[in-house]
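Working notes, structure below.
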Amino acid sequence: MASVASAHEHSRCVVDDRDREVCLHNAARRIATLSPGATELTYAAGAGDQVVAVVSYSDYPPEAKQVASVGSHTRIDLEKLVGLAPDLVIGWVTGNPAEQLETLEALGMPVFYIEPRDVEGVASTIERLARLAGTETAGQAVADNFRNTMAAIEERYRDREPVTTFYQVWDEPLMSVNDQHLIGQVVEICGGENVFGEQARLVPRIDDEAVLAANPEAIVAGGMGEENRHWLTHWEQYPNLTAVAEDNLFFVPPSLIQRPTPRLMEGTQILCEKLDIARQKRGRS
Numbered sequence: 001m002a003s004v005a006s007a008h009e010h011s012r013c014v015v016d017d018r019d020r021e022v023c024l025h026n027a028a029r030r031i032a033t034l035s036p037g038a039t040e041l042t043y044a045a046g047a048g049d050q051v052v053a054v055v056s057y058s059d060y061p062p063e064a065k066q067v068a069s070v071g072s073h074t075r076i077d078l079e080k081l082v083g084l085a086p087d088l089v090i091g092w093v094t095g096n097p098a099e100q101l102e103t104l105e106a107l108g109m110p111v112f113y114i115e116p117r118d119v120e121g122v123a124s125t126i127e128r129l130a131r132l133a134g135t136e137t138a139g140q141a142v143a144d145n146f147r148n149t150m151a152a153i154e155e156r157y158r159d160r161e162p163v164t165t166f167y168q169v170w171d172e173p174l175m176s177v178n179d180q181h182l183i184g185q186v187v188e189i190c191g192g193e194n195v196f197g198e199q200a201r202l203v204p205r206i207d208d209e210a211v212l213a214a215n216p217e218a219i220v221a222g223g224m225g226e227e228n229r230h231w232l233t234h235w236e237q238y239p240n241l242t243a244v245a246e247d248n249l250f251f252v253p254p255s256l257i258q259r260p261t262p263r264l265m266e267g268t269q270i271l272c273e274k275l276d277i278a279r280q281k282r283g284r285s
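For the record, in the sequence shown the residue sitting at position 284 is 284 according to UniProt numbering, with numbers rising by one throughout.
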């Protein structure tokens with residue numbers, strides 16, 4: 001028993017976002033990241049050099065584009081992945097096919113499931129990834145900077161006049177986020193009031209009529225690409241909508257706000273500045 005306890009004590013153990021303890025005897029040297037967010041977080045944790053497999057759209061940091069792709073987050077090429085012999089797989093709780101990850105576990109591959117749902121979750125994920133990869137010093141520095149920066153942004157904006165806000169996360173079907181969603185929390189940090197914040201679903205489906213009834217002061221969208229603003233032009237057909245009448249139709253690059261990674265600091269700052277623009281326009285018309 002003593003030898004077992006000693007082995008556990010000297011292994012690298014963390015609890016993942018499915019509340020499972022994941023233990024490695026040695027720091028991971030060959031890591032497979034099965035979502036773009038997981039890729040970005042692993043690099044942020046200082047373990048980019050250990051990443052041997054990614055999935056499509058793993059485009060940040062730029063060097064991740066040079067890593068072997070093993071399909072998409074919704075359909076993994078298991079044969080290719082197994083051939084790359086990872087000693088750690090980073091899975092996405094609700095985004096990867098459960099049966100495929102179970103197959104990897106059956107083959108003896110440790111799977112660490114992530115799904116950060118708030119600011120602390122992002123920081124904690126970086127710390128836990130760094131623990132598994134043996135890059136604790138680098139990961140801790142990034143996690144601490146993320147926590148401190150997000151807290152500073154919240155301190156700056158939280159007491160400003162509320163701006164009723166509709167964040168559009170998808171166009172067909174039209175979808176938003178509630179207050180429990182990480183994006184909803186970012187809206188709150190910026191002093192925004194999410195008009196669909198009380199919806200039961202994390203990502204509720206809505207329609208134009210619901211947006212017209214809510215009549216938000218600002219509409220924010222990410223679109224499907226970094227320079228794609230066409231989702232916002234859709235609302236211009238409703239000139240009586242306050243956000244349209246005040247020209248408060250704002251674009252935030254989706255990778256900066258829709259991925260739970262350190263770049264959320266940049267996305268949050270952009271969103272806060274957009275909502276400040278809406279505040280500054282009050283009383284001018």
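In this text, a Cβ means the ideal position worked out from N, Cα and C, and glycines have one as well.
- One Cα belongs to residue 142, the other to residue 48, and the distance between them is close to 14 Å.
- Rounded to the nearest whole angstrom, the C-alpha separation of residue 236 and residue 208 is 12 Å.
- Straight across, the Cα-Cα distance linking residue 14 with residue 132 is about 8 Å.
- Taking a C-beta distance under 8 Å as the contact criterion, residue 183 and residue 157 do not qualify as a contact pair.
- By the Cβ rule, the stretch 14-25 counts as touching the stretch 123-132, because three or more pairs are nearer than 8 Å.
- Relative to residue 74, the option among 67, 62, 33 and 40 whose CA is nearest is 33.
- Judged by DSSP secondary structure, residue 154 falls within the alpha helix (DSSP H) whose first and last residues are 136-157.
- Where residue 258 is concerned, there is no enclosing beta strand (DSSP E), because DSSP gives it neither an H nor an E.
- Under the three-state reduction of DSSP output, residue 190 falls in the coil class, being neither helix nor strand.
- Looking at the DSSP output, residue 175 shares a beta bridge with 170 and 205.
- Contact between the stretch 209-222 and the stretch 246-266 is established, with three or more Cβ pairs separated by less than 8 Å.
- Residue 149 is not a Cβ neighbour of residue 115, given a cutoff of 8 Å.
- Counting only the Cα atoms, residue 217 lies some 9 Å from residue 245.
- Assignment of residue 161 by DSSP, reduced to helix, strand and coil, places it in the coil class.
- Excluding the 5 residues flanking it on each side, residue 81 has same chain C-beta neighbours closer than 7 Å at 32, 53 and 70, in chain order.
- If you draw a straight line from the Cα of residue 191 to the Cα of residue 162, it is about 5 Å long.
- For the 8 Å CB-CB criterion, residue 87 and residue 138 do not form a contact.
- In the structure shown, residue 127 adopts helical secondary structure according to DSSP, grouped into three states.
- A residue is called buried when at least 16 other Cβ atoms come within 10 angstroms of its Cβ; residue 83 does not meet this threshold and is exposed.
- Spanning the alpha carbons of residue 61 and residue 282 requires a straight line of approximately 39 Å.
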